[in-house]
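Under the working numbering, the first residue of the sequence shown is numbered 389, with each subsequent residue one higher.
No residue lacks a Cβ here, since even glycine has one placed at the ideal position from N, Cα and C.
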Amino acid sequence: MEKMLSWALFLLLGNFCLADMPQKPENISCIFYHKMNFTCTWSPEKEVYPTVYIVNRTFVTGTKRDSCISENRTSCSFLYPYVPYPNNYSIEVEAKNVFGAQKSDVTYWDLEKIVKIEPSTILTVEPIPGVKHMLQVEWSKPGGLPYTGSYICHLRYRRVNSTNWKPVSQELQNERPYNLTGLLPLQQYAVSMRCRVATSEIWSGWSEERTGTTEGLAPNSSLDLWRVLGPAQPDGGRTVQLLWKEARVEPSVRKPLGYNIWYFPENETTVKETKTTAYQQFKIHLGSGAYLVSVVYYTSDGVSPEATLRIPAVHEKALQCIEAMQVHQSQDHLVIEWQTSAEEVDRWVIEWYPDLEMENLERSWEFVSKTRNWTGRADSFVPFQCYNISVYPVVGVVGVEVGVPQSIQAYFKEGIPLEGPLAKAQNISARTATIQWEEIPKTQRRGFINNYTVFYKSEHGREFARTLNSSTLQCELESLERNTQYTVQVMANTLVGSKNGTSFNFRTLSITTIEIVYLASITGGGLFLLGILVMVCGLTKPKLKRLVCPEIPNPAQSNVVLWHGDNFKSKLHLGEVQFHGKMKAIDERIPKPYFSSSGDLIDKLVVDFENFLDKTEVHRVELLKMKENILGGEEKYVNSPRNFYSPSGKVFQGLPSSALISLQGTQEQSSERPDKEAKGRPFQRPSAGGILEPEQQPWEEAGLNPYLKNSVTTREFLTSEKFSDPIKKTEMQP
389 MEKMLSWALF LLLGNFCLAD MPQKPENISC IFYHKMNFTC TWSPEKEVYP TVYIVNRTFV
449 TGTKRDSCIS ENRTSCSFLY PYVPYPNNYS IEVEAKNVFG AQKSDVTYWD LEKIVKIEPS
509 TILTVEPIPG VKHMLQVEWS KPGGLPYTGS YICHLRYRRV NSTNWKPVSQ ELQNERPYNL
569 TGLLPLQQYA VSMRCRVATS EIWSGWSEER TGTTEGLAPN SSLDLWRVLG PAQPDGGRTV
629 QLLWKEARVE PSVRKPLGYN IWYFPENETT VKETKTTAYQ QFKIHLGSGA YLVSVVYYTS
689 DGVSPEATLR IPAVHEKALQ CIEAMQVHQS QDHLVIEWQT SAEEVDRWVI EWYPDLEMEN
749 LERSWEFVSK TRNWTGRADS FVPFQCYNIS VYPVVGVVGV EVGVPQSIQA YFKEGIPLEG
809 PLAKAQNISA RTATIQWEEI PKTQRRGFIN NYTVFYKSEH GREFARTLNS STLQCELESL
869 ERNTQYTVQV MANTLVGSKN GTSFNFRTLS ITTIEIVYLA SITGGGLFLL GILVMVCGLT
929 KPKLKRLVCP EIPNPAQSNV VLWHGDNFKS KLHLGEVQFH GKMKAIDERI PKPYFSSSGD
989 LIDKLVVDFE NFLDKTEVHR VELLKMKENI LGGEEKYVNS PRNFYSPSGK VFQGLPSSAL
1049 ISLQGTQEQS SERPDKEAKG RPFQRPSAGG ILEPEQQPWE EAGLNPYLKN SVTTREFLTS
1109 EKFSDPIKKT EMQP
C-alpha cells in the first residue's frame, strides 16, 4: 500500500514538472547576409518562464562545432568573419529553464541557397524625348552581393493615383536600363525593384519607389478665344482685351508654357503683329477697321491649333438675331433661355460678370452649341451678387464672328437688403410734404427691389402706409394735419423679405406760404382802395380842397405894380431895382412868415381854419410906417398899397402908407425858388442901421385878416408866447 502511494505521488510531481519545461523549438529558418551574419529564427516566440536558447552549429565536414546563446529571444546570429562563404551547416536549437531542457530537430543549410542581398537602387524614371507612352528605368547594382554570384531582379510599376501594382515578367540583370512601355500619355508612374542571387531562393525587399511622368500628346484642340471691345477713340482707334482658356481638360496634354498672339487687318494679311505672353489675357490696340486675331498655346510636346476671332470695324453692323431672353432661379442652379429668329445660328457664347462699378472686372464665358438654354453651376456664381448675363450669337468656326448680344440681370440667390433706404422730408407745408430717399447701393441690395413702402404716423396716433414701385424714389404725402409732427420710415421689399430704413420726424406748418401771400395781397389791396376813397372824398370838400390846393394870387396884378407904374412892374418882374444909380437884385418875393416848425402851421390851419374864416373880419388895417436910413441916415418911405379880401368877398383898398419896406442896397439877390429860402430864415424889422428888429414890428399890436396870407407872394407868421389861439397870431404881408 505504501509503495502504491509513493508511485502515485512521483507520477503527479513528474507530470507537473514536465508541464513547466520549455517547448521544443520548431520551424527553424536561417538566412545568410554576405559579409554580415548568419541568422537563424524559430518558434514559439515566447515562453512562460525565463528560457535560454543554445544554437549549435556544426560544419558539414565535421571539423568544427560552435554555438550561439540567446536569452528570451527566438533568434540568434553568427557574425562575420566567422561565416565563410560558401559553406554548409547543421543547426540544432536547445531550450532550457529551471524545470528542464528541450532540443529541436537537426536542420541542414546551404549558404548559396539562403544568401540574401540588398535591393537595387532605382536611379531615374524618365521618358525618352519624342517617344510616347514609355518610361525608361535605370538602377544600380544591389548591395551585399557575393563576388562569385550573379543576380536577377524583378520590376513592378503602378499609376501614382492607383494601388494596383503591375509586375514586369522579364528578369533584369547587369544594370541595363529597362523601358516600361504601354503607358498612358502624360501620366505619373511609381516604380519599385527587388533582386536575388541567381543561386539563392531568397529575394531582397522591394526598393524605395521612384516616380516618373510619361510624355504628353501634342495639343490637338484650339483655345476658347473671347474678346471685350473698348470704346472707339476720337482717332478711330480702340482697345481690345483678348481672353482665352483651354476648351477641354485633357489629361494627355501638358500645361501650356506660353501663348503666341497674331493680329492683322482683315485685308492686309502680310502685315502681322506678333505678341507672346504667359497669361490668359492680353490687350491690343487696333484701328477702326476690321481685324483678325489668332492665338495658340505651346507645350514641350507641341503647339495647339489656332483659335481665330474676327474683330468688326467700328461702324460695322453686327448680326442681331436674339429676340427674347429670360432667366429662372433655383436653389442650386441658374437657367438662361433665349429665342432666336436665325435657325442657321447654332453656336453661342454665354458671358457673365458681377454688376459692380469697377474697372477690369473678371469676366467668365462659355461656348455652347445646339441648344437654346444654358444652366449655370453653383460654383460659377456668388450668392446675393447681381450679375450681368449676355448671350452672343457666334457665326463660323474658323475666323469666328460675334453678333449683337441680348443681356439680362439676375441673382443666383437673393436675400434681404443689408440696409434700408435713407430718407428725408422736403417741401413741407401745412397740408403736404415730399418724402425722398436714396437708392440702396448695389453691394447692399442682395436682391432686386420690387417696391418701396412708406409708413408715416402722426403724433395723434394715426398711421398710414403707401406702396410705390421700385423706380420711384419719392412720395407725396397729402391731407396732412396742420402743425403736427409726423414719424416716417421707408421700407425696401425684395422677393425674399424686407428691410426698414431709419425713421425720422418732421412737423407740418401752421399756415402755408400761399395763404400768407393771399392774406397780404387782400390786406394791401384793401388799404390801397381805402386810401383812394379817402382822397376822393377829401378833394370833394371845398375847404379841404383850398387847404390842399390853395389859390396863389398873381403878384403882377397887385396894386403895388399899378401904383409904381410899368417901369417898376417890369423891374419887379425881372427881380432888379435901381437904387442911387446902381442896379440891385432883389427877390421877387418877400420872405415868408417864420414859424418855429412847419408842423405848427399845418396843425393850426387844419384845426382852426374854418372857425378862423367865420369869426375873423378885418374892417380896418392900421397904417404902419417904417423908417429906414439909406446912404447916410437919409430917410426914405415907400408906400405899398394892398388889397385886402374879407371872407364875404369884398375888396378893401389899403392906404398908400399901409406898409413901409426898407430897400437896402446890400440886400441879397433872391434865388430861383425864394419860397424855400424864406422858410429857412426869419423876417426882421429894420433897426437903427436900417434893419427891422422883431420886437419893433408895429403890426404885432394890430390883428390882420389871416386870409390875406393867400393874396401875396410871401408871408410870415410870428407867434407870441402869451397867445395860444392861432387866431391871435399876426400876419404881415409886404
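- Taking each of Cys-541, Leu-856, Pro-619, Glu-864 in turn and checking the Cα distance to Thr-822, the smallest one comes out for Glu-864.
- The C-beta distance from Ser-729 to Glu-704 rounds to 20 Å, too long to meet the 8 Å contact threshold.
- Runs of the beta strand (DSSP E) lying entirely within the stretch 466 to 507, each at least 3 residues long, are 476 to 485, 488 to 491, 495 to 498 in chain order.
- The C-beta distance from Phe-894 to Val-876 rounds to 7 Å, short enough to fall under 8 Å.
- The alpha helix (DSSP H) runs lying completely inside the stretch 594 to 666 and spanning 4 residues or more number zero.
- Leu-571 carries a coil assignment under DSSP once its states are collapsed to helix, strand and coil.
- The alpha-carbon of Gly-835 is positioned some 40 Å away from that of Ser-676.
- The DSSP-derived three-state label of Met-409 is coil.
- The C-beta distance from Gly-889 to Leu-806 rounds to 12 Å, too long to meet the 8 Å contact threshold.
- Annotation: Lys-830 is outside any beta strand (DSSP E); the continuous alpha helix (DSSP H) that includes it extends over 830 to 833.
- Checking the DSSP bridge columns, you'll see Asn-839 partnered with Asn-857, Asn-881.
- Within a 10 Å sphere around the beta-carbon of Ala-706 sit fewer than 16 other beta-carbons, which makes this residue exposed.
- Going by DSSP, Met-746 is part of no beta strand (DSSP E) at all; its letter is neither H nor E.
- A straight-line Cα-Cα distance of about 10 Å links Tyr-906 and Gly-913.
- In summary, Cys-418 is buried, with 16 or more beta-carbon neighbours lying within 10 Å of its beta-carbon over all protein chains present.
- For the 9 Å CB-CB criterion, Ile-510 and Gly-531 do not form a contact.
- Comparing C-alpha distances from Tyr-470 to each of Ile-796, Val-486, Ser-455 shows the shortest one belongs to Ser-455.
- Apart from sequence neighbours up to five positions away, the residues of its chain that approach Lys-663 with a beta-carbon distance below 6 Å are Ile-649, ordered along the chain.
- By the 16-neighbour rule on beta-carbons within 10 angstroms, Lys-452 is exposed.
- When C-beta atoms of the stretch 495 to 505 are compared with those of the stretch 513 to 520, fewer than three pairs fall below 8 Å, so the two segments do not count as touching.
- In the three-state DSSP reduction, Asp-454 falls in the strand class (E or B).
- Asn-776 is bridged by DSSP to Tyr-741, Gln-797.
- By the Cβ rule, the stretch 816 to 833 counts as touching the stretch 792 to 806, because three or more pairs are nearer than 8 Å.
- Under the DSSP assignment, Lys-423 falls outside any beta strand (DSSP E); it carries neither an H nor an E label.
- Residue environment for Thr-462: buried (at least 16 other C-beta atoms within 10 angstroms of its C-beta).
- Looking at Met-713, Val-779, Gln-717, Thr-759, the one whose alpha-carbon comes closest to that of Trp-740 is Val-779.
- Its Cα nearest to that of Phe-772, the residue Asp-743 stands out among Asp-743, His-848, Ala-908.
- If you ignore the 5 residues before and after Trp-527, its C-beta comes within less than 7 Å of the C-beta of Ser-508, Thr-509, Ile-510, Leu-511, Glu-563, Met-581, all in its own chain and listed in chain order.
- Within a 10 Å sphere around the beta-carbon of Gly-600 sit 16 or more other beta-carbons, which makes this residue buried.
- Contiguous beta strand (DSSP E) elements confined to the stretch 890 to 929 occur at 892 to 895, taking only those with 3 or more residues.
- Boundaries of the beta strand (DSSP E) around Arg-544: 539 to 547.
- Ranked by Cα distance from Phe-843, the first of Thr-901, Lys-671, Val-878 is Val-878.
- The residues Trp-614, Val-737, Glu-739, in chain order, have a CB closer than 6 Å to that of Trp-753 in the same chain once the five nearest residues on each side in sequence are set aside.
- A distance below 9 Å separates the beta carbons of Val-788 and Leu-697.
- In its chain, beyond the 5 residues on either side, Pro-432, Glu-435, Ala-483, Gln-490 have a beta carbon closer than 8 Å to the beta carbon of Gln-411.
- As computed with DSSP, Phe-670 is found in a beta bridge with Leu-630.
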